[in-house]
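Residue numbers (our numbering), protein chains in the order written: chain A, 9 to 263; chain B, 9 to 263.
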């Protein structure tokens, strides 16, 4: 059987330990091409570069069978550039991550990691975003790896519904507590309660830092937040049709 | 009756003619506060600024009853900063635009204009993104204005379903052809077929420009693309839950 062609990207940048681990794992599944941002691009959502140019150079970050490109753009730019310029054939799989931090519930719409996976789905490629609920640079990916292998194997075998990608979040390693398994979930209704910290620069001019508290309003046991709080891996199928279908008929009455 | 508090933003920047027209129109409906990017932020999607600081200064661009702030961040940053820092009470309405160019079908997920409206909806505020299918700086907003007034009036009277905002696209003015009315639609299944133009800089290093062709695969007459092609204003209700619900049960079988 032909080895699958696997495109790997992320939003933490090509040298982040999350993507280095993901590349190592993916090398066991297929022929890997990495096209990833040259630096951090977290919280870039579905941003693309339209008013300036993109740089993209082949580099070697560390040894392995993968081929790697470092790109000046956003995660979505990386996917577009890979598919439309760098690769000769369409990838069989697109994986993004392993993100350092959660992309559960509402975080999915801000996430560069997940936007790359959504872009993969838009191109008709089975795509998965992986995130570990551990922000630290030296996060322990060992337990996550088992689930990343399982999800990857399953997607390679079964494919994916058209236009759908997977948002996979993995609990942080806790001593004496094993991950309980996988839950297929919906996106929880949660939000950030933001506060801005106002400061004054040495020249006397104001500036702001975004800070915030994550608040989950959703008590459903079918949500990603519930799964993660109960130490399961959460998988939410995600799509790019953001039409609010139930509102179509009510709007048709008032317009 | 109390005049509504209206937050105005966009992604083309605070001095773009689209937002200047929108501010002028909104001054007739309520007390207007503008918090908009200090320069172009098109195609920024739902990007937010988390690793650097935001600047936000009160300015006067031109005369009017509005209060205005120019912000260094993305459209979503502007909405967050307005609601959580600058405004004392929650706005009754959030409007974004008038965007210079279409945000129909798949463009909605790349659009800074629409991400600002989605962020408004996330905050529980009735929110509308307005776009005119005319990229030119001196676009004719006269016919668009009638529909912007109608949609604004209707939303102020009827409110909006929770978590939903409106993606309003308005056809370009064509001589001897009047807009046919409003259609409530779903997001068409369309996509960009991208090509990158590779060039070489004066130092001999490669760089890329994103170019692309918009392709509509969707023949449905209930889509925004159909409405716009037939010279109607399209209104698509949009939400931020991007769970692909139909895929939950099929995934549960294979995992």
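Every residue gets a Cβ at the ideal spot worked out from N, C-alpha and C, and that includes glycine.
Every value quoted in this text rests on a predicted model; they were computed, and no experiment measured them.
Within the stretch 60-92 of chain A, 61, 62, 63, 64, 88, 89 and 92 place their CB atoms closer than 7 Å to a CB of chain B, listed in sequence order. For residue 26 of chain A, the three-state secondary structure derived from DSSP is helix. In the three-state reduction of the DSSP assignment, residue 261 of chain A falls in the helix class, which pools H, G and I. With a threshold of 16 other beta carbon atoms within 10 Å, residue 254 of chain B falls short and is exposed. Considering only beta carbons, the part of the stretch 182-195 of chain B lying closer than 7 Å to chain A consists of 190, 192, 194 and 195, in chain order. A straight-line Cα-Cα distance of about 10 Å links residue 189 of chain B and residue 263 of chain A. Comparing C-alpha distances from residue 237 of chain B to each of B/179, B/99 and B/133 shows the shortest one belongs to B/179. Residue pairing for residue 246 of chain A: DSSP places it in a beta bridge opposite A/173 and B/251. Sorting B/259, B/172, B/165 and B/151 by C-alpha distance to the C-alpha of residue 124 of chain B places B/172 at the top.
Ranked by Cα distance from residue 128 of chain B, the first of A/212, A/14 and A/199 is A/199. With a cutoff of 8 Å on beta-carbon distance, residue 192 of chain B and residue 240 of chain B are scored as not near each other.
Within the stretch 27-114 of chain B, the complete beta strand (DSSP E) runs of at least 3 residues fall at 39-45, 64-67, 75-79 and 101-108. B/148 is the residue among B/148, B/211 and B/168 whose C-alpha sits nearest the C-alpha of residue 183 of chain B.
Of all residues in the stretch 96-107 of chain B, none places a beta-carbon less than 9 Å from a beta-carbon of chain A.
At a beta-carbon threshold of 7 Å, the residues of chain A lying near residue 243 of chain B are 259 and 263, ordered along the chain. Between residue 30 of chain A and residue 106 of chain A the beta-carbon gap is near 5 Å, inside 8 Å, which marks them as a contact. In chain order, 252 and 255 make up the part of chain B whose C-beta sits under 8 Å from the C-beta of residue 172 of chain A. If you draw a straight line from the Cα of residue 115 of chain B to the Cα of residue 130 of chain A, it comes to about 12 Å. For the stretch 129-158 of chain A, residues whose beta-carbon sits nearer than 7 Å to a beta-carbon of chain B comprise 130.
The shortest C-alpha to C-alpha distance from residue 65 of chain A to any of A/50, A/89, A/73 and A/58 is the one to A/89. Looking only at A/126, A/87 and A/246, the smallest Cα-Cα distance to residue 195 of chain A is reached by A/246.
Judged by beta-carbon spacing, residue 95 of chain B lies beyond the 8 Å limit of residue 77 of chain B, meaning their Cβ atoms are not closer than that value.
Annotation: residue 92 of chain A to residue 204 of chain B spans about 7 Å, alpha carbon to alpha carbon.
Contact between the stretch 214-227 of chain A and the stretch 211-218 of chain B is absent, with fewer than three C-beta pairs closer than 8 Å. Using a CB distance below 9 Å, the part of the stretch 203-226 of chain B facing chain A consists of 203, 204, 206, 207, 209, 213, 214, 215, 216, 217, 218 and 220, ordered along the chain. Cα atoms of residue 202 of chain B and residue 145 of chain A: separation of roughly 35 Å, rounded to the nearest angstrom. Note on geometry: alpha-carbon atoms of residue 68 of chain B and residue 75 of chain B lie some 8 Å from one another. For residue 110 of chain A, there are no C-beta contacts with chain B under 7 Å, since the nearest C-beta of that chain is about 14 Å from it.
When the Cα atoms are used, residue 250 of chain B and residue 227 of chain B turn out to be separated by approximately 23 Å. Flagged as an interface residue toward chain A: residue 116 of chain B, by a C-beta distance shorter than 8 Å.
Beta-bridge partners assigned by DSSP to residue 234 of chain A: none are found.
Assigned with DSSP and collapsed to three states, residue 10 of chain B falls in coil, not helix or strand.
Between the stretch 157-165 of chain B and the stretch 46-55 of chain A there are fewer than three inter-stretch CB-CB distances shorter than 8 Å, so the stretches are not counted as touching. By a beta-carbon distance limit of 8 Å, residue 80 of chain B does not contact residue 59 of chain B. Their separation comes to about 13 Å.
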